[in-house]
Structure formats: structure tokens, C-alpha cells
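In the order they appear, the protein sequences are chains A and B.
In terms of the working numbering, the first sequence is residues 726 to 953.
In terms of the working numbering, the second sequence is residues 726 to 953.
Protein chains: 2
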Amino acid sequence: MTVFSQIRAVTLREQVAEQIRIAIIEGRLKPKDHIVEVTLTEQLGVSRTPVREALIILERESLVVSIPNRGCFVRAFTADDIRALFSMRVTLENFAAELVINRLGHQDYDNLNDLIESQNLFIQQNDFKKVRSTDMAFHQYLIAASNHPHLIRNWQEIVAQIAAVLYLRAEGHTNYDEFLAIQDHQQILDGYRVHNLDRIKAENRRINKRVETECLMALTRLQSTAQS
Amino acid sequence: MTVFSQIRAVTLREQVAEQIRIAIIEGRLKPKDHIVEVTLTEQLGVSRTPVREALIILERESLVVSIPNRGCFVRAFTADDIRALFSMRVTLENFAAELVINRLGHQDYDNLNDLIESQNLFIQQNDFKKVRSTDMAFHQYLIAASNHPHLIRNWQEIVAQIAAVLYLRAEGHTNYDEFLAIQDHQQILDGYRVHNLDRIKAENRRINKRVETECLMALTRLQSTAQS
DNA sequence: GGGTTATAGATTGTATACAATGAAGCAGAA
DNA sequence: TTCTGCTTCATTGTATACAATCTATAACCC
Chain A
726 MTVFSQIRAV TLREQVAEQI RIAIIEGRLK PKDHIVEVTL TEQLGVSRTP VREALIILER
786 ESLVVSIPNR GCFVRAFTAD DIRALFSMRV TLENFAAELV INRLGHQDYD NLNDLIESQN
846 LFIQQNDFKK VRSTDMAFHQ YLIAASNHPH LIRNWQEIVA QIAAVLYLRA EGHTNYDEFL
906 AIQDHQQILD GYRVHNLDRI KAENRRINKR VETECLMALT RLQSTAQS
Chain B
726 MTVFSQIRAV TLREQVAEQI RIAIIEGRLK PKDHIVEVTL TEQLGVSRTP VREALIILER
786 ESLVVSIPNR GCFVRAFTAD DIRALFSMRV TLENFAAELV INRLGHQDYD NLNDLIESQN
846 LFIQQNDFKK VRSTDMAFHQ YLIAASNHPH LIRNWQEIVA QIAAVLYLRA EGHTNYDEFL
906 AIQDHQQILD GYRVHNLDRI KAENRRINKR VETECLMALT RLQSTAQS
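So this is what it looks like as C-alpha cells:
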């Protein structure tokens with residue numbers, strides 16, 4: 726059918742944006758950090774123009790905050806921000822559920838199940854970077870299946886921001902049960918298998934509430950240690 | 726209480742973005758139009774840098790499409806795009822309804838009612854520009870009341886895109902009943918007054934479905950005339 | 001000392017120059 | 001004719017220079 730995949734020119738500004746994005750998500754750039762353009766210029770080996778343009782992109786994604794004539798700062802999330810993020814994520818994922826519940830087939834169920842099993846394996850191997858990405862891939866699969874451009878874009882933005890706060894959980898809430906996520910995903914998959922929309926929605930709410938709580942606890946913990 | 730309101734420096738790129746945004750929404754820039762940077766440079770009296778940066782912002786808002794080394798083009802909406810826009814708008818407005826239904830008070834009901842009456846007046850005066858902005862203000866009031874940053878941002882993006890296709894309706898579907906919108910708004914307001922969430926959601930679905938249909942009809946009409 | 005004003009340094013905002021890319025048209029060969 | 005390759009031109013991508021702005025520090029006055 727399709728022999729070749731689309732070729733897309735990738736501009737410098739997008740590469741720069743991706744690098745900064747990853748640095749924020751992985752916590753190498755911390756909240757409130759001042760992002761100085763020339764510093765990135767030197768580290769990335771490009772001129773200021775693509776750096777500036779990348780920062781504009783990231784500002785639109787709410788990963789950085791730009792103050793005119795002052796500069797760019799890594800976004801710091803408040804408790805209210807975290808609550809807003811998760812409430813929006815539930816809204817979007819439940820919308821996705823409505824769209825895809827009658828579109829998924831056996832192949833999809835198998836693919837989703839494979840992701841769950843992979844994640845299980847990675848947990849046992851203590852490879853938490855892959856655990857995170859597989860976890861993400863599970864949710865992304867459902868969102869992508871919606872084929873709804875705005876849903877996909879908005880969800881990705883929200884999730885990137887959540888990822889940026891999740892590193893807080895990793896630092897603060899050191900020892901939480903990774904297998905809970907496995908059970909969560911299985912519950913969701915079962916909901917799709919039996920075409921029970923309400924069950925899926927309830928699961929989404931429950932799961933996101935739990936992760937939200939973990940994030941909030943990590944946040945307060947970090948804030949109290951920052952004061953001392 | 727607060728004597729002064731916050732002063733916010735406004736950069737050139739934001740002013741440029743706003744001008745282009747309005748031009749697209751008002752239909753002065755038409756879908757598929759090639760936006761050449763130097764042309765805007767001359768018309769706006771600024772250099773290419775802020776123009777470029779403004780175009781990056783608008784690309785993130787999906788009002789223009791940027792192809793590397795080719796340039797920026799005003800977004801052209803397909804039928805699927807329009808359907809996606811309205812389905813997302815319903816999702817967001819229903820989410821807003823959940824958030825604000827128990828927060829609105831008599832003052833809010835009065836404000837919303839004033840907006841409905843103003844719109845009624847503007848219709849009778851045939852001042853359709855004010856009709857549009859008052860219509861928008863009604864919905865915006867409800868969204869803003871949610872105080873949910875992501876909801877507000879996502880909704881504004883969606884609505885800007887809808888506005889960009891609504892001018893199609895104005896051109897294609899010349900004579901539709903402006904008073905329908907008045908009735909719609911009254912239905913929604915009544916729903917809030919009696920705290921009936923399901924009724925509000927159903928109204929939102931119904932209203933957006935109707936406007937979506939009008940947009941789709943206008944789109945097919947314009948496409949058929951474009952061929953001839 | 002408390003408070004205001006100058007000054008210096010760093011950083012961002014804007015303008016412009018140069019490099020790279022792609023589209024269109026034309027010429028020539030199969 | 002139809003395809004290929006070349007050339008030109010318009011336009012975007014990137015780099016850099018200059019202007020405007022802000023922060024902080026120090027000098028100054030009362």
C-alpha cells in the first residue's frame with residue numbers, strides 16, 4: 726500500500742524545543758530556573774534565533790513562563806496547577822473513551838495487553854525509565870485511537886506538564902507501588918473489552934485522583950524541605 | 726481594595742500575532758493564503774523577527790500551518806476539522822458546566838441575562854459585529870467562571886478556530902435566524918438557575934450540533950462554488 | 001540609617017545581513 | 001512528447017549586531 730513514509734523537514738527550533746522539553750520533563754531543568762538564551766546557544770551550538778523560537782513554543786505549551794524583558798523561567802507548579810492538570814486529563818481521557826469504545830477491536834486489546842505485560846516486565850527488571858515510557862504508551866494508544874487532532878494535542882500538552890511534576894513524586898514519594906499502575910491498566914482494558922463506558926470513566930477518575938494525591942504530597946514535602 | 730490593575734509589557738510579537746489572528750478570524754486572510762513575512766513586515770512597520778515569532782505562536786494555535794522552508798499558510802478547515810472542533814467545544818463547555826454549576830450566584834445570572842438582552846438589542850439594530858461579540862461574551866463568561874487555566878486556554882483556541890470558519894457561514898448561509906441563539910442562551914441560563922447539569926449538557930450538545938451543521942453546509946456550498 | 005538617584009552589567013527585544021532551501025520555467029536529450 | 005537537469009528567483013532559516021530594558025550595587029542626600 727504505502728511504500729514510503731512521509732518525510733518531514735525538522736527545523737532547528739523544533740530540535741532545540743525538544744531538548745529543552747526533555748530536560749524539563751526529566752527534571753534537569755528545575756522549576757523557577759532562569760533559562761538564559763546565550764547559555765543554551767553555547768551548549769547547543771546554535772545561534773540565539775532558534776533558541777528564542779524554541780522558547781516561544783515551550784511558552785505556548787506552558788512548560789516555561791516568559792516575562793518580557795526579563796527572560797524565560799521553568800514553570801513552577803502550584804497545588805492548584807496540579808489539581809487543574811489532573812481534572813483536565815480526566816476530562817480528555819473520558820472524552821477519548823467515548824470516541825474509541827466502539828472502535829477498538831481484538832487487535833487493539835492484544836496490543837494494549839502487550840503493553841501491560843511489557844510494563845510488568847520492566848518493573849521486575851527495575852528499569853523505571855522504560856516503565857514510565859510504557860505506562861505512557863498505554864494511555865497514548867487510547868488517545869491516538871481517537872484520531873481527534875485537538876484531543877491528541879491537548880492531551881499531550883497536559884501529559885508533558887504532568888511528567889514535569891512527576892519527577893517531584895520520584896524525588897519525594899520514593900517508594901510507591903509500581904504494580905498499582907498495572908492493575909489500573911488492566912481495569913481500563915477490561916472496561917473496553919466489555920464496552921462499559923461508565924466503568925472506564927470511573928476508573929479514569931479514580932486513577933488520576935490517586936496520582937494527583939501522590940503529586941500533591943510530593944509537592945508539599947518538597948516545599949517543606951526547601952524551607953529548611 | 727485593589728487600586729491599580731496589573732501592568733503587563735506587551736511585546737511586538739504579541740501585537741503582531743493579535744493583528745494576524747483578527748485578520749484570519751474576520752476572514753480578511755483566507756484559508757490557504759500564503760503569509761509572506763516581508764509583506765507583513767512592510768504592512769506592520771516592524772522587522773521580520775517579531776513577525777516570524779508571531780507566526781510561530783499562531784502555528785501553535787492551529788490558525789496557520791507552517792511548512793519548513795516553504796512558509797506559513799492560513800489554515801484550511803475540512804469537514805472533519807469542523808466536526809472535531811465542535812465535539813471538543815462541547816466537551817470543554819460541559820466540563821465548564823460541571824465546574825461552575827454550583828458556583829454561580831444571582832449576580833452571575835443577572836450578568837448573563839444582561840448579555841442575552843444586549844444581544845437581542847443588537848440583532849434588532851442589525852449590528853452583527855456586536856451580536857457576534859456579545860454571543861461570544863456569554864459563553865466566555867461561563868468558561869471564565871471556571872477559573873480553570875487549561876480549560877480557558879483550550880476553549881479560546883477552539884473558539885478562535887471556530888470563529889475562523891464562522892465567516893464561512895456568514896458568506897454561505899446568508900440568512901439564518903439570529904434569534905435562535907437568544908433562545909439557546911436562555912435555555913442554558915435556565916439550566917444553571919435550576920441546577921440541572923444534564924439539561925445544560927444536552928443543550929450544549931444540541932446547540933453546537935446545529936452550528937456545526939450550518940458550518941458544514943456553508944463549507945460544502947463554498948467548495949462547490951469554488952469549483953465552478 | 002532610610003530612602004532616593006546614578007551607574008554598570010547582564011539579558012532580552014529588534015533589526016538586518018547572509019546562507020540554505022524549494023518552486024518554476026526553460027532547454028536539451030531520449 | 002516526456003523526462004531530466006540546470007538556472008533563476010522568491011522566500012524562509014540562521015547568525016549576528018545593535019537598541020531597549022531590567023537588576024543590583026553603590027553613591028548620595030536628608
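We treat Cβ as the ideally placed atom computed from N, Cα and C, and that holds for glycine.
Residues sharing a beta bridge with residue i, DSSP
i: Ile760 of chain A; result: A:Cys797
i: Thr792 of chain B; result: Residue 792 of chain B is actually Ile in this sequence, not Thr. Partner(s): B:Gly796.
Residue-chain proximity (residue i, chain A), Cβ-Cβ < 8 Å
i: Pro793 of chain B; result: yes
i: Pro756 of chain B; result: no
i: Glu837 of chain B; result: The sequence as given places Leu at residue 837 of chain B; Glu does not occur at that position. Cβ-Cβ to chain A under 8 Å: no for Leu837 of chain B.
i: His898 of chain B; result: Because the pLDDT at His898 of chain B is just 49, under 50, the model does not fix this residue reliably, and the value given afterwards should be weighed accordingly. Cβ-Cβ to chain A under 8 Å: no for His898 of chain B.
i: Thr736 of chain B; result: yes
i: Glu666 of chain B; result: Any answer about residue 666 of chain B is impossible in this case: the structure gives chain B only from 726 up to 953.
i: His873 of chain B; result: yes
i: Lys934 of chain B; result: no
i: Thr938 of chain B; result: no
i: Leu944 of chain B; result: no
Residue i versus the options, residue with shortest Cα-Cα distance
i: Glu784 of chain B; options: B:Gln832, B:Lys755, B:Glu882; result: B:Glu882
i: Glu786 of chain B; options: A:Val825, A:Ile750, A:Gln911, A:Arg878; result: A:Arg878
i: Gln917 of chain B; options: B:Glu743, B:Gln849, B:Tyr834, B:Ala885; result: In the sequence as presented, Gln is not what sits at residue 917 of chain B; that position holds Tyr. Residue B:Tyr834 is the option with its Cα nearest to Tyr917 of chain B.
i: Ala869 of chain A; options: A:Arg828, A:Gln849, A:Asp909; result: A:Arg828
i: Gly752 of chain A; options: A:Gln948, A:Val890, A:Val735; result: A:Val890
i: Ile747 of chain B; options: B:Arg773, B:Ala779, B:Glu762; result: B:Ala779
i: Glu939 of chain B; options: B:Asn838, B:Tyr892, B:Arg738; result: B:Tyr892
i: Leu810 of chain A; options: B:Ala742, B:Asn794, B:His875; result: B:His875
i: Arg738 of chain A; options: B:Gln948, B:Thr766, B:Thr736, B:Ser791; result: B:Ser791
i: Val856 of chain B; options: B:Val771, B:Leu765, B:His910; result: B:His910
i: Ala943 of chain A; options: A:Phe820, A:Val771, A:Ile807; result: A:Ile807
i: Tyr866 of chain B; options: B:Asn851, B:Ile826, B:Arg946, B:Gln849; result: B:Ile826
i: His864 of chain B; options: B:Val776, B:Lys854, B:Asn838; result: B:Asn838
i: Gln849 of chain B; options: B:Glu903, B:Leu817, B:Met813; result: B:Glu903
i: Gly830 of chain A; options: A:Asp915, A:Thr945, A:Phe853, A:Leu947; result: A:Asp915
i: Glu937 of chain A; options: A:Leu922, A:Phe802, A:His920; result: A:Phe802
Residue-level contact to chain B via CB, residue i, 8 Å cutoff
i: Gln731 of chain A; result: no
i: Leu876 of chain A; result: yes
i: Ala870 of chain A; result: no
i: Ile745 of chain A; result: no
i: Phe820 of chain A; result: yes
i: Gln740 of chain A; result: no
i: Ile781 of chain A; result: yes
i: Arg785 of chain A; result: yes
i: Ile883 of chain A; result: yes
i: Leu947 of chain A; result: no
Supposed contact pair residue j and residue i - C-beta distance, whole angstroms, cut 8 Å
i: His759 of chain A; j: Phe798 of chain A; result: 6 Å
i: Asn845 of chain B; j: Ile907 of chain B; result: 5 Å
i: Ser858 of chain A; j: Leu824 of chain A; result: That pair is no contact at about 24 Å.
i: Leu905 of chain B; j: Ala804 of chain B; result: So it is not a contact: roughly 22 Å between Cβ atoms.
i: Val815 of chain B; j: Arg924 of chain B; result: Val815 of chain B to Arg924 of chain B, Cβ: 14 Å. No contact.
i: Ile841 of chain A; j: Leu788 of chain A; result: Not really, about 29 Å apart at Cβ, beyond 8 Å.
i: Ala822 of chain A; j: Lys926 of chain A; result: 6 Å
i: Ala734 of chain B; j: Ile782 of chain B; result: Actually they are not in contact, since the Cβ atoms of Ala734 of chain B and Ile782 of chain B sit about 16 Å apart, beyond 8 Å.
i: Thr736 of chain A; j: Pro793 of chain B; result: 5 Å
i: Arg795 of chain B; j: Pro756 of chain B; result: The pair is not a contact, with the Cβ atoms about 16 Å apart (cut-off 8 Å).
Between the stretch 827 to 857 of chain B and chain A, which residues of the former have a C-beta closer than 9 Å to a C-beta of the latter?
Listed in sequence order: no entries.
For the stretch 908 to 931 of chain A, which residues have a beta carbon sitting closer than 8 Å to at least one beta carbon of chain B?
Against chain B - using a Cβ distance shorter than 8 Å - the stretch 908 to 931 of chain A contributes no residues.
Chain B contacts from the stretch 796 to 816 of chain A (Cβ-Cβ distance under 8 Å):
Closer than 8 Å at the C-beta level to chain B, one finds these residues of the stretch 796 to 816 of chain A: Asp806, Ala809, Leu810, Ser812, Met813, Thr816.
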